[in-house]
Amino acid sequence: MNKNSGKSRPAYHQSYEVIRDKILNGDIPGGTKIVEEKLATELGCSRTPIRESIRQLEYEGLIVNKRVVQPTEKGLRDLFQVRILLEGFSAQSAATYLPEEDLNSLSECIKIGREGTIDEIMKANERFHEIIVRASGNSIMIDTIDRMQSIIFLFRKTVVLYNRPRLIDEHEEIYEAIKARDGQAAETLMKNHLQADLDFCLHILSYSHK
21 MNKNSGKSRP
31 AYHQSYEVIR
41 DKILNGDIPG
51 GTKIVEEKLA
61 TELGCSRTPI
71 RESIRQLEYE
81 GLIVNKRVVQ
91 PTEKGLRDLF
101 QVRILLEGFS
111 AQSAATYLPE
121 EDLNSLSECI
131 KIGREGTIDE
141 IMKANERFHE
151 IIVRASGNSI
161 MIDTIDRMQS
171 IIFLFRKTVV
181 LYNRPRLIDE
191 HEEIYEAIKA
201 RDGQAAETLM
211 KNHLQADLDF
221 CLHILSYSHK
């Protein structure tokens, strides 16, 4: 989700995007200390936009205490606990309020999830959840999920790259429940889907620490 869509971008946004993408792509690994002077030299800019970029990335949770965040079991559980609550409610709301055109968009996301490239699947996965969250009509909820998107991306990448079983099947089940206007089923399926994401990410995290 991109909160800057349709809005004028702040002056620091280019450096923010570069630093964010380096973190998300693994070019700046978890645990790396963030040094303003070094980044300013690498990006060929002053320290002011770097400082603003760091502040934004701290707000999004990608930088903690001037270091790139390292996923922990507690951090994962905390993140997914919030997602399960908010996105479960959003799925229930979507079953009532989601218009036909957005149902078609969900269906297209599922198709891409089965047939697309890794990058296409990543974008379709994000779009699938975005459509459902926005169906809640709750601006505070939407902003909360928006703020978490960079961290969510890290774990979305894990479930896609490591080919989590039934990932797209679960999307299709959620879609079918929303299409049938069955809010209770949509909520339960979304919660189960995110719990499966959490369990899978915890498994990968524990394996990487061996």
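In this text, residue positions in the sequence shown follow this note's numbering: the first is 21, and each later residue adds one. The C-beta atom is built at its ideal place from N, Cα and C for all residues, glycine as well.
Between the alpha carbons of R134 and D217 lies a gap of roughly 17 angstroms.
Counting along the chain, P69 sits inside the alpha helix (DSSP H) bounded by residues R67 to E80.
Residue environment analysis places P69 among the buried positions, since at least 16 neighbouring C-beta atoms fall within 10 angstroms of its C-beta.
Of all C-beta pairs linking the stretch 190-205 to the stretch 124-133, three or more are shorter than 8 angstroms, placing the two stretches in contact. Here I104 carries a helix assignment [DSSP, helix/strand/coil].
In this structure, K199 sits near L123, with a CB-CB distance shorter than 8 angstroms. For the pair E107 and M210, the Cα-to-Cα distance works out to about 7 angstroms. Between R167 and R201, the alpha-carbon positions lie close to 29 angstroms from each other. Taking C-beta separations shorter than 8 angstroms and ignoring five residues to either side along the sequence, the partners of S125 in its chain run R147 and I151, following chain order. When only Cα atoms are considered, G51 and V84 end up about 9 angstroms apart.
Residue environment analysis places S66 among the exposed positions, since fewer than 16 neighbouring C-beta atoms fall within 10 angstroms of its C-beta. Counting the other CB atoms within 10 Å of its CB gives R75 a total below 16, which places it among the exposed residues. Membership of M142 in the alpha helix (DSSP H) is indicated by the continuous run I138 to R154. Annotated three-state conformation of K131 is helix, per DSSP. With fewer than three CB-CB distances shorter than 8 angstroms, the stretch 96-113 does not count as touching the stretch 177-185. Distance between Y117 and V180, taken at the CA atoms: about 29 angstroms.
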